[in-house]
Amino acid sequence: MTLLQQLHETSAVAHDLLVLSIVILSGIGLGNIRVSGVKLGVAGVLFTGLAAAHFGMHPAAEVTHFLKDFGLVLFVFALGMQMGPGFFASLRQQGRVLNGYAFALVAGGALVAVLGGWMLGMSPPAVAGLFAGATTNTPALGAAQQALLSAHADPAHVTLPALSYAATYPLAIVGIIFSLILLRVFFKVDVTAESELFRQEQGAGVEALQRMNIRVENANLDGIAIADVPGVHEAGVVISRYRPVSGGEVKAATPETRLQTGDVILAVGTQAHLEQFRLVIGSVSEENLMKAPGSVTYRRVVLTNKRILGKTVRELGLEHLHNVTVTRVSRGDLIFTALPDLRLQFGDMLQLVGDDESLNAATNALGNAVHMLQETKFAAIFAGILLGVLLGLYPFRIEGLPAPVRLGLAGGPLVMAILLSHLGRLGPLVMHMPINANRALRELGIILFLANVGLLSGEKFVATVFSMQGLQWVLLGILVTMLPLLIVGFVARKWHRMNFMSLCGLLSGGMTDPPALAFATSMARCDSPAIAYAAVYPLTMLLRIVAAQVIAQMG
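First residue of the sequence shown: 0, per numbering that gives the first Met the number 0; consecutive thereafter.
In structure tokens form, the structure reads like this:
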């Protein structure tokens, strides 16, 4: 009797943990093996899971199913938390183009599945399951089976999609990753250079903030408070300090500061906005107030005081309470002008201007407890997961479809995490996850998911694949997986000049495939592909669910 058999009889928990640890450890080792400069990365865990199950090593079925789904939820929720703050801005910039290509991916896969199934004489339910498996979309499988049940189909037809799904799903994950590798090799992509270019492209639409020293020459502004200067809010600039025409030291400017002709002010904003503002005020001054004598200085302070989260810069009232001015706000890689209506989030870094005493008071009010940025808020995480799971289970009814559409355990937590991280809080809970904790949860989640997918599929994988019907399913599934990916990837890169980071995210999201995204991000050594992934995921999920139901009821 082997050690595993003894453990299985004496301690089922120890047995399951041992099998899972062996699969994950060997999978990580396999993923780190380089062949021609390419390695499988985290996807290696899938193959060791398949091998372990084939040779009779597998945990209890209910444990495997739970860990698979729990790992998927952890991965997509952490992913959504990471991309949420910049998601909507990126969607406005490139969402239309990305979703156009994602639509082509779905339509192309459905067309290949239907035509291939017709040529090989497959039944529509088998084609629907094949389409779901070849595009790694479990909700589509559930939707196809539900549509068959609603249509009172033969019980044998209801179970058929699950068989074709199981035959095509494992190789679909490999096929998606292999397609990314083929595109990388064909276009001779330098991933490091492409990642840097992506960061530059992301910042191209965000103009850097500048400073401008302006002399007040407009006589109509004499005695006018800064808050009442025409166009000051519309121009999107902030006046941080000024030197009175009467002489003396440079002082911090507040909304109540009254201007006099001859004063020199220091304004902060984009170059275009500063030029527009200068036309109202006067002319550029050669005097640099940043270097002029005076007690005014600046300080960068992190917002960690929970009582003031969600307030706007105006509502903070730092000018009135502490005689300091907020000139800019940094949030991750984004830098904003501190306009009055800008709403603040936990972890925002505010640049303040004032004297030392005022800055000390403002710093205490804002918190500036940098250590809190490294604390993981597990209550907020599981509250978000709870809401995400509920959202994924909620049935959305669409006219013309026989069964409601659900986002599922992959879509619900992802959408909820994006929304919550964008808002910054959930009631009293701060929605903040340190970057190291985020990466750890994502890595743990995708490892658990892939290991258990392999363990669930491996036992019957070889027998199914090498039967005549199974072989047909597998071969057609590979075409459904790779043909649309390679065509769309080639067109997007060749004619649209799409950055390879965006392309990886588009193809991974267009196939609703977290393992492919994990492979792309590990290859890129950054989170850049996740932006495009999130931009196309919701529409793609909906289209694949609808397509699977339509295919299942054809004929």
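For glycine and all other residues, C-beta sits at the position ideal for the given N, C-alpha and C. All values derive from a computational prediction rather than experimental measurement.
- Contact check for Thr324 against Ala224 fails: the beta carbons are separated by 8 angstroms or more.
- Going by DSSP, Ser329 is part of the beta strand (DSSP E) stretching over Thr324 to Arg330.
- For Gln350, the enclosing beta strand (DSSP E) covers residues Met348 to Gly353.
- For Asn212, DSSP records a beta bridge to Leu265.
- Contact check for Phe76 against Gly383 passes: the beta carbons are separated by less than 8 angstroms.
- The Cβ atoms of Phe74 and Ile445 sit closer than 8 angstroms to each other.
- Inter-segment contact for the segment 425-432 and the segment 310-317 is absent: fewer than three beta-carbon pairs are separated by less than 8 angstroms.
- Of the other Cβ atoms in all chains shown, 16 or more fall within 10 Å of the Cβ of Thr511; this residue is therefore buried.
- Nearest neighbour of Val279 by Cα position, chosen from Ile213, Phe335 and Ala139, turns out to be Ile213.
- In this structure, Val12 sits away from Met56, with a CB-CB distance that is not shorter than 8 angstroms.
- At the C-beta level, Ala143 and Ala131 come within 8 angstroms of one another.
- Secondary structure at Arg405: coil, using DSSP grouped into helix, strand and coil.
- When C-alpha distances from Val295 are compared across Lys305, Ala271, Arg240 and Val283, the shortest belongs to Arg240.
- Scanning its chain for C-beta atoms nearer than 7 angstroms, with the 5 sequence neighbours on each side dropped, one finds around Leu478 the residues Val111 and Gly115, in chain order.
- If you draw a straight line from the Cα of Leu484 to the Cα of Tyr100, it comes to about 10 angstroms.
- Annotation: the continuous alpha helix (DSSP H) that includes Gly128 extends over Pro123 to Ala133.
- In this structure the segment 526-544 does not touch the segment 215-223; the number of beta carbon pairs closer than 8 angstroms is below three.
- Per the DSSP secondary-structure output, Ala106 pairs with nothing in a beta bridge.
- If you keep only unbroken alpha helix (DSSP H) runs of at least 4 residues inside the segment 479-551, you get 499-509, 513-523 and 528-551.
- Within 10 angstroms of the beta-carbon of Asp262 lie 16 or more other beta-carbons, which makes it buried.
- Assigned with DSSP and collapsed to three states, Phe69 falls in helix.
- Looking only at Leu78, Thr63, Arg298 and Val62, the smallest Cα-Cα distance to Asn435 is reached by Leu78.
- Rounded to the nearest whole angstrom, the CA to CA distance from Met348 to Asn98 is 33 angstroms.
- With distances taken between CA atoms, Leu182 lies nearest to Lys493 out of Val62, Lys493 and Thr269.
- Checking the DSSP bridge columns, you'll see Thr336 partnered with Arg327.
- A check of alpha carbon separations from Gly411 across Ala127, Val72, Ser420 and Met289 identifies Val72 as the nearest.
- For Arg277, the enclosing alpha helix (DSSP H) has its first and last residue at Gln270 to Ile280.
- Ile477 is not bridged by DSSP to any residue.
- Across the structure, Gly453 and Pro394 are spaced so that their CA atoms are roughly 29 angstroms apart.
- In this structure Ala291 is not in contact with Gly83, their Cβ atoms being roughly 41 angstroms apart against a cut-off of 8 angstroms.
- The C-beta of Gln344 has 16 or more other C-beta atoms within 10 Å across all chains shown, which makes the residue buried.
- When the alpha-carbon of Phe499 is set against those of Leu474, Leu482, Gln471 and Ala529, the nearest one is in Ala529.
- Collapsing the DSSP output to three states places Gly366 in a strand.
- Straight across, the Cα-Cα distance linking Gly70 with Pro123 is about 32 angstroms.
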